[in-house]
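According to our numbering, the sequence shown is numbered sequentially starting from 18. I have placed the structure first, in the form of structure tokens, so that the comments after it can refer back to it.
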Amino acid sequence: MSNVVVVGGGIIGVAIARQLAANGAAVTLLHEGPIGGGATAAAMGHLIALDDIDAVAAFTLHSLQLWRQFELPDACERVRCGCLWVAEDDEEMAEAGAKATRYQQRNVDAEVVSAETLQQLEPHLAADLAGGLRVPSDCVIYPPQAARWLMQQAVQGGAIVRQAKVTSVTAHRVELAGGEHIETDWVVVATGDRIAQLLPELPVVPRKGHLLITARGTPFLQHQVVELGYIKKAHSRDAVSVACNVQPRVTGQVLIGSSRQLGTTDPAVERPILARMLERATRFFPELPSLTALRTWTGFRAATPDGAALIGVLEPGLAVAGGHEGVGITQAPATAELISHCILGSATAIDPTAFNPRRFGEAA
């Protein structure tokens, strides 16, 4: 039996702990803050099918299949709402058609919808939109509760969970605050945007985002609604970018995103950026200002130079899983499967090449 220490109590870390325990490893999960805290607590929780880079899209679709196999409790607030990608003009409608084709080639149900149909699906959308694309299979969940459920599953499989601050890692060894150390067969680092604090050779940087949630009330929308320019803005390396990403919750609340910032680690809510984000959302939903804001907050996504996560072995006895940026919730189960394959040899159909954590060189 292999002994594995997983460092990190976000959704990636707990998913890995669950998978390794299920595959027969003796697992210890170390977490500094609350389970499902950090980036997981700040995430929107969109389980989204991707259509861009082949390897990443296939990885994401496999992860969605794994999510569908989970019997999540009601507390995880899974909503099978589908996603509407909305177009402002004819150029974006052409992109909607191309996106639909890419989805269909991967056996994902997707349909281009007219401006009239868009209004029928979401009456609160702006009347001057050109149309869009509907992906019915997309879901949303409440990430902190999903992480806690995965942790409970890991514990039921025999994993040990400890709250402890990890100060350094090397192959086969974890150092804790206070001088304690743990010797083990494998260490897996899954600390999100803080990966570079333990593994400074990896090019993982924090990318700040703002979110706002409204008060409970009558449901305002039925689908996750995302502007078609979102992916381009999300992959932009501009210092600050905003895009419309609006999500329904089972409570009747509306979760509004999103912003992306590089070059800051300050968690404070920045009113000018929040205002830009809300202005962009209001362009698509003119009635949003009539809703009551309940809370605003920020979080940090773990970003890599090419937008793909780092998942795999750095050296014998040391592995990493991080850098998922905005799709860590979606990709958590597949990440866990790939890590289990890399260190235990368990079965997987995933091609690990695109996620090789050494693809940027020894000192990126």
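Note that the Cβ used here is the ideal one computed from N, Cα and C, for glycine as well.
Check for me: the beta strand (DSSP E) holding residue i runs from which residue to which?
{"i": "Thr118", "result": "First-last for Thr118: Asp107 to Gln122, but that is the alpha helix (DSSP H), not the beta strand (DSSP E)."}
{"i": "Thr268", "result": "It is not in any beta strand (DSSP E) - Thr268 carries neither H nor E in the DSSP assignment."}
{"i": "Gly30", "result": "Looking at the DSSP string, Gly30 is not in any beta strand (DSSP E); the run it does join, the alpha helix (DSSP H), is Ile28 to Ala39."}
{"i": "Leu135", "result": "That residue, Leu135, is in no beta strand (DSSP E); its alpha helix (DSSP H) goes Ala132 to Leu138."}
{"i": "Leu279", "result": "Taken as a continuous stretch (DSSP letters only), Leu279 belongs to no beta strand (DSSP E), as it is neither H nor E."}
Tell me whether the beta-carbon of residue i lies closer than 8 Å to the beta-carbon of residue j.
{"i": "Ala260", "j": "Gln278", "result": "no"}
{"i": "Asp155", "j": "Ile65", "result": "yes"}
{"i": "Gly3", "j": "Thr282", "result": "In the structure displayed, the chain extends from 18 to 381; residue 3 sits before or after that span and is not available."}
{"i": "Ala147", "j": "Glu105", "result": "yes"}
{"i": "Gln170", "j": "Arg318", "result": "no"}
{"i": "Leu7", "j": "Thr365", "result": "Outside the modelled stretch of the chain, which goes from 18 to 381, sits residue 7, for which no answer is possible."}
{"i": "Ala298", "j": "Val263", "result": "yes"}
{"i": "Ala181", "j": "Val44", "result": "no"}
{"i": "Asn40", "j": "Leu355", "result": "no"}
{"i": "Val31", "j": "Ala115", "result": "no"}
{"i": "Thr118", "j": "Leu229", "result": "no"}
{"i": "Leu245", "j": "Trp102", "result": "yes"}
{"i": "Thr235", "j": "Gly269", "result": "yes"}
{"i": "Val24", "j": "Thr201", "result": "no"}
{"i": "His79", "j": "Ala351", "result": "yes"}
{"i": "Thr57", "j": "Ile33", "result": "no"}
{"i": "Ile328", "j": "Pro374", "result": "yes"}
{"i": "Ala143", "j": "Phe301", "result": "yes"}
{"i": "Val73", "j": "Ala325", "result": "yes"}
{"i": "Gly53", "j": "Pro161", "result": "yes"}
{"i": "Trp166", "j": "Pro220", "result": "no"}
{"i": "Met168", "j": "Val178", "result": "yes"}
{"i": "Ala38", "j": "Gly196", "result": "no"}
{"i": "Ile290", "j": "Ser275", "result": "no"}
{"i": "Tyr120", "j": "Asp68", "result": "yes"}
{"i": "Glu94", "j": "Val267", "result": "yes"}
Tell me, which residues are paired with residue i by DSSP?
{"i": "Val286", "result": "For Val286, which the question treats as bridged, DSSP gives no partner whatsoever."}
{"i": "Ile177", "result": "Thr45"}
{"i": "Thr8", "result": "An answer regarding residue 8 cannot be provided, because it is not within the stretch 18 to 381 covered by the chain."}
{"i": "Glu200", "result": "Arg190"}
{"i": "Leu150", "result": "Trp102 and Val129"}
{"i": "Gly274", "result": "Asn262"}
{"i": "Ala163", "result": "Note: Ala163 sits in no beta bridge, so no partner."}
{"i": "Cys359", "result": "Note: Cys359 sits in no beta bridge, so no partner."}
{"i": "Val205", "result": "Val23 and Ala336"}
{"i": "Val157", "result": "His63 and Val96"}
{"i": "Val257", "result": "Gln278"}
{"i": "Glu244", "result": "Val103"}
Counting only beta-carbon atoms, is residue i nearer than 8 Å to chain D?
{"i": "Leu305", "result": "Note that chain D does not occur in the displayed structure, where there is just one protein chain."}
Between which two residues does the alpha helix (DSSP H) carrying residue i extend?
{"i": "Ala104", "result": "Ala104 -> not in any alpha helix (DSSP H); beta strand (DSSP E) instead, spanning Cys100 to Ala104."}
**Asked** Does the region 332 to 340 come close enough to the region 202 to 212 that 3 or more CB-CB pairs lie under 8 Å?
**Response** yes
**Asked** Mind pulling the beta strand (DSSP E) runs of 3 or more residues that sit fully within the region 303 to 336?
**Response** 310 to 320 and 327 to 332
**Asked** Which ranges does the alpha helix (DSSP H) cover as unbroken runs of at least 4 residues, wholly within the region 212 to 242, from first to last along the chain?
**Response** 212 to 215
**Message:** Across the region 346 to 353 and the region 60 to 79, are there enough close Cβ pairs to call them in contact, namely three or more that are closer than 8 Å?
**Reply:** yes
**Message:** Does the region 90 to 109 come into contact with the region 359 to 373, if we say contact requires no fewer than three beta-carbon pairs (one atom in each stretch) closer than 8 Å?
**Reply:** no
**Message:** To test your reading of the DSSP string, which unbroken alpha helix (DSSP H) runs of 4 or more residues are found completely within the region 43 to 98?
**Reply:** 55 to 58 and 71 to 86
**Item:** Sufficient close CB pairs (3 or more, under 8 Å) joining the region 84 to 101 to the region 232 to 242
**Value:** yes
**Message:** Can you confirm whether the region 182 to 192 touches the region 127 to 142 when touching is taken to mean that 3 or more C-beta pairs between the two stretches lie within less than 8 Å?
**Reply:** no
**Asked** Within the chosen definition, does the region 36 to 51 reach the region 213 to 227 through at least 3 CB pairs nearer than 8 Å?
**Response** no
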